[in-house]
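246 is the number of the first residue of the sequence shown in my numbering; add one for each residue after it. Read through the structure below, which is laid out as structure tokens, and then see the notes.
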Amino acid sequence: MEKKFRPILLAGGSGKRLWPLSTKEKPKQFIELFGDLSLFDLTLQRINNKKLFLEPLIVTSKDYLPLVEDSLAKTGVEVEKIYLEPESKNTFAALALPVLSDLERNKKELYMAMPSDHYIPFNKSFYETCAVIKDYFPKNALTLMGVKPDKASTEYGYIS
246 MEKKFRPILL
256 AGGSGKRLWP
266 LSTKEKPKQF
276 IELFGDLSLF
286 DLTLQRINNK
296 KLFLEPLIVT
306 SKDYLPLVED
316 SLAKTGVEVE
326 KIYLEPESKN
336 TFAALALPVL
346 SDLERNKKEL
356 YMAMPSDHYI
366 PFNKSFYETC
376 AVIKDYFPKN
386 ALTLMGVKPD
396 KASTEYGYIS
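In structure tokens form, the structure reads like this:
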């Protein structure tokens with residue numbers, strides 16, 4: 246069986262980075278910046294590639310669940326499971342929750358953590374990169390893919 250990624254879509258946040266457009270009630274990933282599509286909608290469309298991805302796990306808060314459900318209905322993407330964070334504890338907790346829960350059922354998953362507020366203009370390049378790297382990671386791995394920073398910035402989380 247061909248390896249596929251299990252995306253973990255991170256859909257939390259506080260709505261501060263794109264203020265005044267984004268708010269606590271509607272952070273930037275849910276704002277329709279591309280016609281009637283939001284960054285979250287574009288992320289869902291991006292992972293709706295059955296050759297590369299299994300159905301995603303989504304981590305969000307109960308406050309954003311209606312926004313997530315609206316996007317799922319709009320894009321037609323089916324999900325494996327939605328995890329609701331009781332409170333925001335940043336990226337590690339948001340990733341640990343679905344991975345630890347899902348590993349009990351699926352011992353051999355290849356996970357890909359994906360923030361839902363990133364803009365990736367060229368899906369073809371993204372898909373080509375995913376196709377290449379999926380064979381380099383063993384099952385039970387958490388895959389993190391991003392841009393290589395060229396300077397120190399608090400906007401990035403670093404892995405050494």
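For glycine and all other residues, C-beta sits at the position ideal for the given N, C-alpha and C. Please read all numbers here as calculations on a predicted model, not as lab measurements.
Exercise for review: Could you tell me the distance, in whole angstroms, from the CA atom of L278 to the CA atom of P311?
Suggested key: Looking up residue 278 in the sequence shown gives position 33. Looking up residue 311 in the sequence shown gives position 66. Taking the straight line joining both Cα atoms gives about 18 Å.
Exercise for review: Less than 8 Å between the CB atoms is what I'm expecting for L282 and Q274, so what's the real figure, rounded?
Suggested key: Position 37 of the sequence shown, counted from the first residue, corresponds to residue 282. Position 29 of the sequence shown, counted from the first residue, corresponds to residue 274. In fact, because the Cβ distance is near 11 Å, the residues do not count as touching under 8 Å.
**Study point:** P331 - DSSP class collapsed to helix/strand/coil
**Key:** The count along the sequence shown starts at 1 and reaches residue 331 at position 86. Coil at P331, not helix or strand.
Check your understanding: Which class does A424 belong to by DSSP, given the choice of helix, strand or coil?
Key -> The requested residue 424 is not part of the displayed model; the chain covers only 246 to 405.
Review point. How long is the line joining the alpha carbons of D380 and K248, rounded to whole angstroms?
Key: Within the sequence shown, the letter at position 135 stands for residue 380. Within the sequence shown, the letter at position 3 stands for residue 248. Taking the straight line from one Cα to the other gives about 7 Å.
Point to revise | Boundaries of the beta strand (DSSP E) in which L317 is found, first to last residue | key: The residue given as residue 317 occupies position 72 in the sequence shown. Counting along the chain, L317 falls outside any beta strand (DSSP E), though it belongs to the alpha helix (DSSP H) covering L310 to T320.
Point to revise | Coil, strand or helix - V304 by DSSP | key: In the sequence shown, residue 304 corresponds to position 59, counting from 1. In the structure shown, V304 sits in a strand (DSSP, three-state: E or B).
Practice item. Count the other C-beta atoms from every protein chain shown that fall within 10 angstroms of the C-beta of F298, then say buried if there are 16 or more, exposed otherwise. Key: Counting from one through the sequence shown, the residue named residue 298 turns up at place 53. Buried, since its Cβ has 16 or more Cβ neighbours within 10 Å.
Exercise for review: Quickly, what does DSSP pair S283 with across the bridge? List them, please.
Suggested key: Residue numbering aside, residue 283 sits at position 38 when the sequence shown is read from its first letter. Answer by DSSP bridge pairing, in chain order: E277.
Check your understanding: Where does Y356 sit, in a helix, a strand or coil, going by DSSP?
Key -> The residue given as residue 356 occupies position 111 in the sequence shown. Of the three classes helix, strand and coil, the one that applies to Y356 here is strand, per DSSP.
**Study point:** Distance between beta carbons of Y328 and V344, contact taken as under 8 Å
**Key:** Counting from one through the sequence shown, the residue named residue 344 turns up at place 99. Counting from one through the sequence shown, the residue named residue 328 turns up at place 83. Actually they are not in contact, since the Cβ atoms of V344 and Y328 sit about 10 Å apart, beyond 8 Å.
Review point. Would E325 pass as a contact of L342 if the rule is Cβ separation under 8 Å?
Key: Position 80 of the sequence shown, counting from 1, holds the residue named residue 325. Position 97 of the sequence shown, counting from 1, holds the residue named residue 342. No. Outside cutoff.
Practice item. Report buried or exposed for A376, applying the criterion of at least 16 other Cβ atoms within 10 angstroms of its Cβ. Key: As a first step, residue 376 must be located in the sequence shown, where it is residue number 131. Classification of A376: exposed, given that the 10 Å Cβ count is below 16.
Review point. Can you list, in chain order, the residues of its chain whose CB lies under 8 Å from that of A338, leaving out five sequence neighbours each side?
Key: To locate residue 338, count along the sequence shown from 1; it is residue 93. Excluding residues within five positions, the ones whose Cβ falls inside 8 Å are E330.
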